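Sequences listed follow chains A and B, in order.
Oh and the first sequence: position 1 is 1 in the UniProt record's numbering, straight run, nothing missing.
Oh and the second sequence: position 109 is 109 in the UniProt record's numbering, straight run, nothing missing.
Beta carbons are placed, not taken as given, at the ideal position from N, Cα and C, and that holds for glycine.
Predicted model, so just to flag it, every value in this text is computed and none were measured.
To start, the structure itself, in structure tokens.
Protein chains: 2
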Amino acid sequence: MADQEVQNGGAEKATAEAKGKTTLDLIVELAVEAPKAEDAVQFYKAVFGAVEIERATYPKRKADQERPLLLSALLQFGGNKVMVNDRLEDDFKAPEPGSKHQNLGLRLVSEQDVEAVIEKAVAAGAVAEGGVAEDRVLPGKHLGKVRDPFGIVWTIVGNTTKTFAAENDTAAVPEGRILLL
Amino acid sequence: MADQEVQNGGAEKATAEAKGKTTLDLIVELAVEAPKAEDAVQFYKAVFGAVEIERATYPKRKADQERPLLLSALLQFGGNKVMVNDRLEDDFKAPEPGSKHQNLGLRLVSEQDVEAVIEKAVAAGAVAEGGVAEDRVLPGKHLGKVRDPFGIVWTIVGNTTKTFAAENDTAAVPEGRILLL
């Protein structure tokens, strides 16, 4: 087992170096019941010492809405990144009362081809969930989801060489224009 | 709002500097149905390019058990840390079929006093879940849980000035001796 691990680790490092995979990044997504994401951001800054790096908001949908909803607020917790969203759709199932379920997700961001990463994961036993679409948070990036053999769902974010017809992207593009602040 | 954010950010940074809070660390916990955590670690290394930093195992419980269960395997995903565990107890509820629920947790590790962080969170609207106990993964550290006002449960890991009677720690200490490899 020890030998196998060393071999795996060595091969993986060599592959990573060959691919120039220097930008692998894991982002924790916290989906908060809209419109409380802004309050959540303030809580994480004040209580846990998180630092806000950047944010993107949804356009205002109603004239009487006091503030735009958060598509994504990126917070830094030490060396780690957390993205806080206002949950508009059923991206994450709401926790049941008394349940320990959380509205958490994991985004794995790299410069790799998103289809290639998904194919590699599927070959290793993961199941692709839905297709690949444009990322509404990171312009120019594309994403897809896989459920790994251990039940964890990962959002894979990366590059793509494919072009997508507009109708294929509907699910991933929010209504209206995204305002990047 | 912009002014408020700048003020909050400034005040928080000053506080962080005053406290020497340089070790804030966020660790994502992935709870895997035992005994598959080892397979999960190999999957994350081979497919996602994660690098294993360290591991701790439970002692073998059965003579016929081929390998010890993973109490904690710490993986590095880029600059981020992920801890993979064999789930023995009902720490995390198993996902229901077809549900998007995940066995994810967040550990916030710092050099701060764990009771102080929990009190601060509770004062800001969080609810403490259970008491403070010794951390079975990080020797010398203590931990407690809070559910924030937005439904996210955080495991707060830090220091403590209190001494705990052995009977108070039962829930957090696995059976047998912990082997740190």
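Using a Cβ-Cβ cut-off of 7 Å, K145 of chain A does not count as an interface residue toward chain B, since no Cβ of chain B sits closer than that to its own. Across the structure, E54 of chain A and P149 of chain A are spaced so that their CA atoms are roughly 33 Å apart. Residue nearest to V84 of chain B within the set B:I152, B:V32 and B:K162 is B:V32 (criterion: CA-CA distance). By the Cβ test, the stretch 113-132 of chain B is not in contact with the stretch 110-124 of chain A, since fewer than three Cβ pairs between them sit closer than 8 Å.
For the 7 Å CB-CB criterion, T161 of chain A and R107 of chain A do not form a contact.
Beta-bridge annotation (DSSP): E129 of chain A is paired with A:K145. Here D86 of chain B is bridged, per DSSP, to B:V32. The continuous stretches of beta strand (DSSP E) do not include F43 of chain A, which lies in the alpha helix (DSSP H) extending over residues A37 to F48.
When C-beta distances to chain A are compared with 8 Å, the residues of the stretch 116-130 of chain B below that value are V117, K120, A121, A124, G125 and A126, in chain order.
Using beta-carbon distances, N159 of chain A does not count as an interface residue toward chain B, since no partner is under 7 Å.
Minimum Cα-Cα distance from F48 of chain B among the listed residues A:F77, A:L26 and A:E134 corresponds to A:L26. The Cβ-Cβ distance between T57 of chain B and L70 of chain B falls below 7 Å. In the three-state scheme derived from DSSP, where H, G and I count as helix and E and B as strand, A123 of chain B is classed as helix.
With a cutoff of 7 Å on beta-carbon distance, H142 of chain A and V132 of chain A are scored as near each other. With its beta carbon at least 7 Å from every one in chain A, I53 of chain B lies outside the interface. By DSSP's assignment, V137 of chain A forms no beta bridge with any residue.
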